[in-house]
Amino acid sequence: MPRRLLTLTAAALMAAAAVIIPAAPAVAAPTFKVPFPCGQTWSGQTRTNHSPPNSIDFNRTNDVDDPVVASASGTVDRVTDLGNTSYGKYVRINHGGGYHTYYAHLNAFRVSVGQTVRHGTVIGTVGSTGGSTGPHLHYEQRLNGADIRIRFNGTLALYWGTRNYTSDNGCGSGSTAPGTVRTAGTPLTVRSGPGTGYASVGTLATGTNVTIHCQTTGTSVTGTYGTSNIWNRIGSGRFIADAYTYTGHSGFIPGVPRC
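One gets my numbering by counting positions in the sequence shown from 1 and adding 123 to each.
Listed below in structure tokens is the structure:
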């Protein structure tokens, strides 16, 4: 066979081999959820002059110190305070495959670097730190360092404008926890909602054992276990102050969903 034909045949075989080598599959994006506890509704705004452009600012009435939760499972790889500039207090979560989420302008941190989180894990509270001009959560999704248009449960967020987003983050996950009412002897008032301004729907004697289905924030109360704004839902429309509840934990109970 002539040398030129051999060369062409070899080149053709190499080209064919190159064609059939499969490309590495793209890593699927995590199932991101709204970064707030199950059932909460927040107003999310996107705008062309935002930095970065694809981020969302979340607000609702009296939202300072409301809990912010992880929008997908991952590992916390940054817990940083930039002071009065930029993001201020912010958390970054590594979700694998080049995906990260950012939670900025926080008032307080609830996680540390290296901590593993899942949907619904509280990572901080809403604030107005850094370059913020008012309380809100600045939220981003990034891929390989570049901000991307945000999706919740695979659905694209509104670009550009303002939309209400209702969270299903942590719904049905987690577990209940036991608690015991501890007062100085006076029965503890059970409220219809998480605060002293809600109607009384009964009382519980000290020593009563309860099952805590979820926790949320409300009126700050000073009780047996100090001052706390955490309230425990012990049934449908039944809330008691965590300051009067022995749970074995200071603050939110790990694994118990947020109301």
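All C-beta atoms in this analysis are idealised placements derived from N, C-alpha and C, irrespective of residue type, glycine included.
{"Query": "Measuring straight from C-alpha to C-alpha, what distance separates V313 and I179?", "Result": "37 angstroms"}
{"Query": "Please tell me whether V199 and I216 are closer than 7 angstroms, where the distance is taken between their beta carbons.", "Result": "yes"}
{"Query": "Exposed or buried, L327, counting other C-beta atoms within 10 Å across all chains shown (16 or more means buried)?", "Result": "buried"}
{"Query": "Express the C-alpha separation of Y222 and S251 in angstroms, rounding to a whole number.", "Result": "25 angstroms"}
{"Query": "For D186, I'd like the list of residues in its chain whose CB is within less than 6 angstroms of its CB, leaving aside the five on either flank, ordered along the chain.", "Result": "V249, P258"}
{"Query": "With DSSP collapsed to three states, give me the class of A366.", "Result": "helix"}
{"Query": "According to DSSP, is D188 helix, strand or coil?", "Result": "coil"}
{"Query": "Assuming contact is defined by CB atoms lying nearer than 7 angstroms, are T368 and N355 in contact in what I supplied?", "Result": "yes"}
{"Query": "I144 to V240, Cα distance in whole Å?", "Result": "Model confidence at I144 stands at a pLDDT of 47, short of 50, so the residue's coordinates are unreliable and nothing is read from them."}
{"Query": "Just to confirm, is the Cβ distance from A300 to I363 under 7 angstroms?", "Result": "no"}
{"Query": "How is L136 classed by DSSP in three states: helix, strand or coil?", "Result": "Any reading at L136 must be qualified, since the residue scores a pLDDT of 39, below 50, and its modelled position is unreliable; no value is offered."}
{"Query": "Note down, in chain order, each residue of its chain lying with its Cβ closer than 7 angstroms to the Cβ of V202, except the 5 sequence neighbours on either side.", "Result": "V214, F232, V234, S235, V236"}
{"Query": "Does DSSP classify A231 as helix, strand or coil?", "Result": "strand"}
{"Query": "For the beta strand (DSSP E) containing N217, list its first residue and its last residue.", "Result": "212-219"}
{"Query": "At which residues does the beta strand (DSSP E) containing G247 begin and terminate?", "Result": "245-249"}
{"Query": "Quick check for students: name the residue ranges of the beta strand (DSSP E) that lie wholly in the region 304-334, counting only runs of 3 or more.", "Result": "311-314, 323-327"}
{"Query": "Quick one, which of R361, I335, T309 has its alpha-carbon nearest A322's?", "Result": "R361"}
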